[in-house]
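> Okay, handing you the structure first.
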Amino acid sequence: MKTSIAFLLCISVFPGFSQGRVVREDETGFAECNMFFPGQVPPEGFTEPFHVKICQQYNKEPRFATLYSTKDKIPLYSAFKFTKPAQSEEENWLVEPQIDDPENDLHEMVHEADITGTVANLGANQALTSDYVGSGYERGLLNPSLLHEEDFQMATYTLTNAVPLSPALSKTWHRDIRKVVEQALIPHCSKKDHLYLLAGAIPSSVRVKGKVSVPESLWLAACCDAPEGWSLGLVKKVNDENSLVDLTVGELEKQLLAEVHLFKGDCGKDKQNQEKREAVLQAVSQIRSGEQVETTDNQETKDSGWVRKVAGIIATPFIKLLELLIYVFVELVKFVFYFLWLVVKRVCGTVLDGLYSLWSGLVSYLKAISMVLISIPYDLGRVIVNIFLGFLQIVQDVVSLTYRILSVPVGFVLHLAAFPYYSICAIPSVLKDIATGIGGTFSLVINATVAVLHGFYYLAAHIVKRFVPKGSSDD
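For the sequence shown, the positions run 1 to 475 when full-length UniProt numbering is used.
Structure, rendered in structure tokens:
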């Protein structure tokens, strides 16, 4: 966070910082960078979710547009216009923080060293300088810096505009593209500002350090959207650095993704001037064979070349001295801001720590007092309740003891008083039981006598029947 704040402060002092922003999904095309496409309509068919649109800016002005693949960690194409041939080169490489961390507060490209540790997942979706170190590959620019000067050139030095190329291939790519644009395309487009260029790469399965895709081929598509216009495609194979194949834009589109259309309305295909296109192809053929293409611009360049050389020799020491002074001044300002940030951070940290400690002590003190004040009525009520319950227990014990003491004589008196009653009441029952016993005994004697007599009678009858003959009975 410290570094990002210092960086933002430097931006406010030096407006010449590169600003490349990720275009939002709710914006049309490439937003303010639609100006780099014919009819302000970007290529169609690049619809993968890992394709990110970037409007590359410098000094608050759009400089070119880039479609970046977060899967392959390389740009698929950069759209730009030719400005002026570069007189010198100064590399100043930048990265785009929003590709890796869309939630960060940095909305422009920054130096990789300035945001290390402040941007989440830095390098997860884009290539970094460390991916190229010791790999044998260079950071080859799709939009070559040699075709631009000043602000447009500075804007090209971003890793979102670079692909891994061998040193030899990087050199021939930039050389060939510069010659083609300056000697073949520009001289045959009636309106130079209407010459739209797309430089792209086709990813391969080969990866640098298992991360950044090495392109299998590089391509350039040109559209002269003017009266007597034309369109053209060029392809350079990575495995043949000297190759430069010309083809139509339609043939080039077939080598890219399905349903890809690079230019709106195929760059006015039905109205294109075939003679102009043939002249462009002839110039490209001369460049491919190593011949010098003579143009009016080239002749003027030859005539003024020695003047530029002399002026360059004289001006170079002063320019280098000025660059050194600017560099020292920038570093000094960065150091001052960084020192001030450390001082402010230390002072604010000390004050905040003191305030936090004071606040914590005050909260603890108020909490303890509140707990004591709350516990007073609670403890008082608990004591009163315990006293009342103790008093009720004493009353209960006294009543219980009194009851036990009084219950002994009262029971004796009640039992003694009830004795005559129970005794007198028992006499009828006793007499009844005696009468019942006497009656039962008398009934038993009668029943026994009757039984005995009945027995004797039965015995006498049986003897008579046994021993007295029946005949004598008849006589």
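Note that beta-carbon positions come from the ideal geometry of N, C-alpha and C, so glycine has one too.
Which residue wins for smallest C-alpha separation from residue 196, given the options 41, 436, 410 and 395?
For this step, residue 196 is matched to residue 196 along the sequence shown. Taking only the C-alpha atoms, the option nearest residue 196 is 41.
> So the candidates are 237, 152 and 144; which of them puts its Cα closest to the Cα of residue 198?
As a first step, residue 198 is located in the sequence shown; it is residue number 198 there, counting from the start. Checking every option, the nearest Cα to that of residue 198 belongs to 144.
> Is the beta carbon of residue 202 sitting closer than 7 Å to the one on residue 216?
Taking the sequence shown and counting its residues from 1, the one referred to as residue 202 is at position 202. Taking the sequence shown and counting its residues from 1, the one referred to as residue 216 is at position 216. Yes.
> Are the Cβ atoms of residue 99 and residue 52 separated by less than 7 Å?
Within the sequence shown, numbered from 1, the residue matching residue 99 stands at position 99. Within the sequence shown, numbered from 1, the residue matching residue 52 stands at position 52. It is a contact, given that the beta carbons lie within the stated cut-off.
> Count the other C-beta atoms from every protein chain shown that fall within 10 angstroms of the C-beta of residue 438, then say buried if there are 16 or more, exposed otherwise.
Within the sequence shown, the letter at position 438 stands for residue 438. Label assigned to residue 438: exposed.
> Spatial neighbours of residue 172 within its chain, please: C-beta separation below 7 Å, excluding the five flanking residues on both sides.
Translated into the one-based positions of the sequence shown, residue 172 becomes position 172. These residues qualify, in order along the chain: 241 and 242.
> Please state whether DSSP places residue 412 in a helix, a strand or coil.
Stepping through the sequence shown from its first residue, residue 412 is reached at position 412. Residue state, collapsed to three classes: helix.
> Determine the burial state of residue 123: buried for a count of at least 16 other Cβ atoms within 10 Å of its Cβ, exposed for fewer.
Reading the sequence shown from its first residue, position 123 is the one you call residue 123. Buried, since its Cβ has 16 or more Cβ neighbours within 10 Å.
> Tell me whether residue 299 is buried or exposed, calling it buried when 16 or more other Cβ atoms sit within 10 Å of its Cβ.
Start at 1 with the first residue of the sequence shown, and residue 299 comes out as number 299. Confidence in residue 299 is poor, its pLDDT being 46 and thus under 50, which makes the residue's placement too unreliable to answer from.
> Mapping the DSSP letters down to three states, classify residue 214 as helix, strand or coil.
Residue mapping note: residue 214 aligns to position 214 of the sequence shown, counting from 1. Reduced to three states, the DSSP call for residue 214 is coil.
> Is it a yes or a no for the segment 65-75 touching the segment 227-236, going by three-plus beta-carbon pairs under 8 Å?
Short answer: they don't touch.
> Is the segment 182-192 close to the segment 279-290, with three or more CB pairs under 8 Å?
Yes, since at least three Cβ pairs between the segment 182-192 and the segment 279-290 fall closer than 8 Å, the two stretches touch.
> Over the uninterrupted beta strand (DSSP E) stretch that includes residue 230, give me the two end residues.
The sequence position of residue 230 within the sequence shown is 230, counting from 1. Element bounds for residue 230: 230-237.
> Considering residue 55, what are the terminal residues of the beta strand (DSSP E) in which it resides?
Locating residue 55 in the sequence shown gives position 55, where the first residue counts as 1. 51-58 is the span of the beta strand (DSSP E), which, as asked, contains residue 55.
> Which whole-angstrom value describes the C-beta separation of residue 91 and residue 158, a residue pair presumed to lie in contact below a C-beta threshold of 8 Å?
What you label residue 91 is simply residue 91 of the sequence shown in a count that begins at 1. What you label residue 158 is simply residue 158 of the sequence shown in a count that begins at 1. Rounded, the Cβ-Cβ distance is 11 Å, inconsistent with contact.
> Residues in its own chain within less than 6 Å of residue 263 by CB, not counting five upstream and five downstream?
Residue mapping note: residue 263 aligns to position 263 of the sequence shown, counting from 1. Closer than 6 Å at Cβ, skipping near neighbours: 38 and 223.
> Going by CA-CA distance only, name the one from 430, 405, 230 and 335 that's closest to residue 279.
On the sequence shown, position 279 is the one that residue 279 refers to. Of 430, 405, 230 and 335, the residue nearest in Cα terms is 230.
> Could you name the residues of the same chain whose beta carbon sits closer than 7 Å to that of residue 288, not counting the 5 residues immediately before and after it, in chain order?
On the sequence shown, position 288 is the one that residue 288 refers to. Excluding residues within five positions, the ones whose Cβ falls inside 7 Å are 244.
> What do you get for residue 125, buried or exposed, if any count of 16 or more other CB atoms within 10 angstroms of its CB means buried?
Numbered from 1 along the sequence shown, position 125 holds the residue referred to as residue 125. The residue in question, residue 125, is buried, as its Cβ has 16 or more Cβ neighbours within 10 Å.
> Under 7 Å, do residue 151 and residue 58 count as touching if we go by C-beta distance?
As a working note, residue 151 is residue 151 in the sequence shown. As a working note, residue 58 is residue 58 in the sequence shown. Yes, the Cβ-Cβ distance between residue 151 and residue 58 is below 7 Å.
> Report yes if the C-beta distance between residue 259 and residue 45 is below 7 Å; otherwise report no.
By one-based count along the sequence shown, residue 259 stands at place 259. By one-based count along the sequence shown, residue 45 stands at place 45. The answer is yes: Cβ separation under 7 Å.
> What does DSSP give as the partner residue(s) for residue 21 in the beta ladder?
Taking the sequence shown and counting its residues from 1, the one referred to as residue 21 is at position 21. DSSP output for residue 21 lists 55 as bridge partner(s).
> Given that a residue counts as buried once 16 or more other Cβ atoms are within 10 Å of its Cβ, and exposed if not, what is residue 267?
Sequence index remark: in the sequence shown, residue 267 carries index 267 (1-based). Answer is buried; the Cβ neighbour count reaches 16.
> Since residue 192 and residue 82 are thought to touch, with beta carbons under 8 Å apart, how far apart are those beta carbons, to the nearest angstrom?
In the sequence shown, residue 192 corresponds to position 192, counting from 1. In the sequence shown, residue 82 corresponds to position 82, counting from 1. Rounded, the Cβ-Cβ distance is 7 Å, consistent with contact.
> Straight-line CA distance for residue 338 to residue 346?
As a first step, residue 338 is located in the sequence shown; it is residue number 338 there, counting from the start. As a first step, residue 346 is located in the sequence shown; it is residue number 346 there, counting from the start. One C-alpha to the other measures close to 12 Å.
> With respect to the beta strand (DSSP E) encompassing residue 287, which residues constitute its N-terminal and C-terminal limits?
The count along the sequence shown starts at 1 and reaches residue 287 at position 287. Run containing residue 287: none in the beta strand (DSSP E); it sits in the alpha helix (DSSP H), 274-288.
> Just how far apart, CA to CA, sit residue 127 and residue 70?
Locating residue 127 in the sequence shown gives position 127, where the first residue counts as 1. Locating residue 70 in the sequence shown gives position 70, where the first residue counts as 1. Cα to Cα, the separation comes out at about 9 Å.
> Could you tell me the distance, in whole angstroms, from the CA atom of residue 433 to the CA atom of residue 427?
As a working mapping, residue 433 is identified with position 433 in the sequence shown. As a working mapping, residue 427 is identified with position 427 in the sequence shown. The alpha-carbon atoms of residue 433 and residue 427 are separated by roughly 10 Å.
> Which residue marks the beginning of the beta strand (DSSP E) containing residue 199, and which one marks its end?
Residue numbering aside, residue 199 sits at position 199 when the sequence shown is read from its first letter. Here the beta strand (DSSP E) through residue 199 covers 195-202.
> Within its chain, find whatever has a CB closer than 6 Å to the CB of residue 84; leave out the 5 residues flanking it on each side and keep chain order.
Looking up residue 84 in the sequence shown gives position 84. Only 149 meet the Cβ criterion.
> With respect to the beta strand (DSSP E) encompassing residue 136, which residues constitute its N-terminal and C-terminal limits?
Translated into the one-based positions of the sequence shown, residue 136 becomes position 136. Run containing residue 136: none; DSSP gives neither H nor E here.
> How many angstroms separate the CA atom of residue 387 from the CA atom of residue 396?
As a first step, residue 387 is located in the sequence shown; it is residue number 387 there, counting from the start. As a first step, residue 396 is located in the sequence shown; it is residue number 396 there, counting from the start. The alpha-carbon atoms of residue 387 and residue 396 are separated by roughly 14 Å.
> Expressed to the nearest angstrom, what Euclidean distance is found between the alpha-carbon atoms of residue 61 and residue 153?
Here residue 61 is taken as the residue at index 61 of the sequence shown, counted from 1. Here residue 153 is taken as the residue at index 153 of the sequence shown, counted from 1. Straight-line Cα distance between these residues: approximately 13 Å.
> Cβ of residue 130 within 7 Å of Cβ of residue 208?
Walking along the sequence shown from the start, residue 130 turns up at place 130. Walking along the sequence shown from the start, residue 208 turns up at place 208. Not a contact, by the Cβ cut-off of 7 Å.
> For residue 166, which of helix, strand or coil comes out of DSSP?
If you number the sequence shown from 1, residue 166 lands on position 166. Here residue 166 sits in coil by DSSP.
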